[in-house]
Amino acid sequence: MRDTVDPVFSLGISSLWDELRHMPTGGVWWVNADRQQDAISLVNQTIASQTENANVAVIGMEGDPGKVIKLDESHGPEKIRLFTMPDSEKGLYSLPHDLLCSVNPTHYFFILICANNTWRNITSESLHKWLEKMNKWTRFHHCSLLVINPCNNSDKQSSLLMGEYRSLFGLASLRFQGDQHLFDIAFWCNEKGVSARQQLLLCQQDERWTLSHQEETAIQPRSDEKRILSHVAVLEGAPPLSEHWTLFDNNEALFNDARTAQAATIIFALTQNNQIEPLARRIHTLRRQRGSALKIIVRENIASLRATDERLLLGCGANMIIPWNAPLSRCLTLIESVQGQQFSRYVPEDITTLLSMTQPLKLRGFQPWDTFCDSIHTMMSNTLLPADGKGVLVALRPVPGIRVEQALTLCRPNRTGDIMTIGGNRLVLFLSFCRVNDLDTALNHIFPLPTGDIFSNRMVWFEDKQISAELVQMRLLSPELWETPLPLAKRADPVINAEHDGRIWRRIPEPLRLLDDTAERAS
């Protein structure tokens, strides 16, 4: 029978409430830090926050921990144990056995300082198994483990760990924000209860972390359900509609402010196709870290989203996507419609799963005949993609008098995933995730002239079986009939001086002088 009381260890942040600070024996806690120096400083103050008789051991992955770990003469234990370990997955799995060879872990407080980006190349399955193992080990030996993880992508790491609440007793991030630090607590469980989704401002003075004075009296969680944080472009030049509206000049500033929200409405603006993936990552981070009460909306200002892009943003956690052609009055009505909603769809912890599912084809433009066939075959074989919704295959035969190589110079796809090739006197296009009813619109954006003026014949395949069958026929074409693009001229002039206004191509007139200045003076 045990005749001693299990100790309770403390995180090194002064003035922090016990329910967010205590770490009793028998658990694993995890803190991500944006900067290496912040991680070391937090470790040193955490050591100083323990009692004089506490058993503390620090395990470092990089260099000699004795050079960065400092003991406080007036606070903390008189001595601690220092260990080093290799920065490898095998070293992590050997950690419990190695510690048992050196110390009796009962009532010990172990602090593991990871190397920068240690977990980048470790799969989520391996991380899950390691946390389960360490959780059982700490409970069996009545000790505690605090993992301090400095990394430059703490959002991704936190998202992976959000679902590990059965193995982790606490998860938090120490974020550097230029002139201040933010302590972002995902969840923290100890003898005082369970706390979650709290963000606190910290001050660092003389290598000591303290809670900001304005946070000491703040009531959390705060109710912000009526707040609307929006990109300024959403209102199309109109001022904020009420005191609840806050406007931001860019999505990054909006995202940083939204990280403190709990039930507010967040409205991002999308103006370019290359903003889709960064925006998807921001939405995924907010949904995984801030919970289901947050209302996230994407307002499309310019036509730039295809079906797969919408699927990606919705899969990352967006409540709604407002199309570009919706007027402002309709936009405001849709914003009102999501108030009070609770997000209920499942969001994968790793965004790469969503990216690979919705953006599997990373090619654009002309591809050799065999590469073209192989790329489409790989896409057809991807079981994560929706059936009969992977794209449209189009074969175009140019009109008499136009060579297929010349027709290729007019083909200008501007989206990743749209590829083409030439062979057998045909130009073959594959438009990934394009709906067959949107084919004419897509071709009008790709070609500067009406396709009826360039091509005499068009064949379309849009079902998976049809596309796969046509690929079999395409592979039968002998390499001698594969054609190559025309060589690039040293000075490439535009094929046509025109611009697309969203519906049709329009020529741009050019001013010309019939006589130059020399000729005028001579006359």
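According to the working numbering, the residues represented by the sequence shown are 1491 to 2013, in order. Cβ atoms here follow ideal geometry from the backbone N, Cα and C, with glycine treated the same way. Treat the numbers as computed from the prediction; the structure is a model and nothing was measured.
Just checking, does the region 1529 to 1541 make contact with the region 1576 to 1587 on the three C-beta pairs under 8 Å criterion? In short, these stretches do not touch, since the Cβ pair count stays below three.
H1990: buried (16+ other C-beta within 10 angstroms of its C-beta) or exposed? Exposed, because fewer than 16 other Cβ atoms sit within 10 Å of the Cβ of H1990.
Report back the beta-carbon spacing between I1503 and L1691 to the nearest angstrom; my notes put them in contact at under 8 Å. Cβ-Cβ separation between I1503 and L1691: approximately 11 Å, too far for a contact (criterion under 8 Å).
Limits of the beta strand (DSSP E) - the one that L2014 falls within: Residue 2014 lies beyond the residue range present for the chain, which begins at 1491 and ends at 2013; the question has no answer from this structure.
Cα-Cα, which of T1736, K1785, T1750, L1802 is closest to P1768? Checked all of T1736, K1785, T1750, L1802; the closest Cα to P1768 is L1802.
For M1910, count the other beta carbons within 10 Å of its own beta carbon; 16 or more makes it buried, fewer makes it exposed. Which is it? M1910 is buried by the Cβ-count criterion.
Within 10 angstroms of the Cβ of P1903, are there 16 or more other Cβ atoms? Answer buried if so, exposed if not. Taking a 10 Å sphere around the C-beta of P1903, we find 16 or more other C-beta atoms and assign the residue as buried.
Who are L1701's beta bridge partners in DSSP? Answer is L1692.
Just to confirm the assignment, what range does the alpha helix (DSSP H) spanning A1877 have? Premise fails: A1877 is in no alpha helix (DSSP H) and is neither H nor E.
Span separating the alpha-carbon of N1763 from that of S1500: Going from the Cα of N1763 to the Cα of S1500 covers about 47 Å.
Compute the distance between the beta-carbons of V1637 and L1590, then report whether it is under 8 Å. No, they are not a contact pair.
Would you mind giving the Cβ-Cβ distance between I1811 and E1800, rounded to the nearest angstrom? I have them listed as a contact below 8 Å. Yes, they are in contact, since the Cβ atoms of I1811 and E1800 sit about 5 Å apart, within 8 Å.
Do you know offhand how far W1859's Cα is from A1885's? Distance between W1859 and A1885, taken at the CA atoms: about 13 Å.
Terminal residues of the beta strand (DSSP E) in which Y1598 lies: Per DSSP, the continuous beta strand (DSSP E) segment holding Y1598 begins and ends at 1598 to 1603.
Check the C-beta distance from V1889 over to F1945 and give it rounded, since I have them as a contact under 8 Å. Rounded, the Cβ-Cβ distance is 6 Å, consistent with contact.
Starting from the Cα of V1498, find the closest Cα among L1898, S1644, H1512, L1506 and give me that residue. Residue H1512 is the option with its Cα nearest to V1498.
According to the neighbour-count rule (16 or more other Cβ atoms, all chains shown, within 10 Å of its Cβ), is N1625 buried or exposed? So N1625 ends up on the buried side.
Secondary structure at W1627, three-state DSSP: helix, strand or coil? Helix at W1627.
With DSSP as the reference, label G1683 as helix, strand or coil. Three-state DSSP puts G1683 in a strand.
Contact between the region 1546 to 1553 and the region 1661 to 1678 (3+ Cβ pairs under 8 Å): Taking a contact to require three or more Cβ pairs closer than 8 Å, the region 1546 to 1553 and the region 1661 to 1678 do not qualify as touching.
Backbone CA spacing between A1708 and P1514 [nearest angstrom]: The pLDDT assigned to A1708 is 46, lower than 50, so where the model puts this residue is not dependable; a value taken from the coordinates is nonetheless given after this. Taking the straight line joining both Cα atoms gives about 26 Å.
DSSP three-state label for E1960, please. The DSSP-derived three-state label of E1960 is helix.
Could you tell me whether the Cβ atoms of R1854 and D1908 are closer together than 8 Å? Less than 8 Å divides the Cβ of R1854 from the Cβ of D1908.
Which residues share a DSSP beta bridge with K1785? Beta-bridge annotation (DSSP): K1785 is paired with T1755.
Residue from V1684, W1699, E2000 with nearest C-alpha to S1465: Here the chain comprises residues numbered 1491 to 2013, so residue 1465 is not present and cannot be evaluated.
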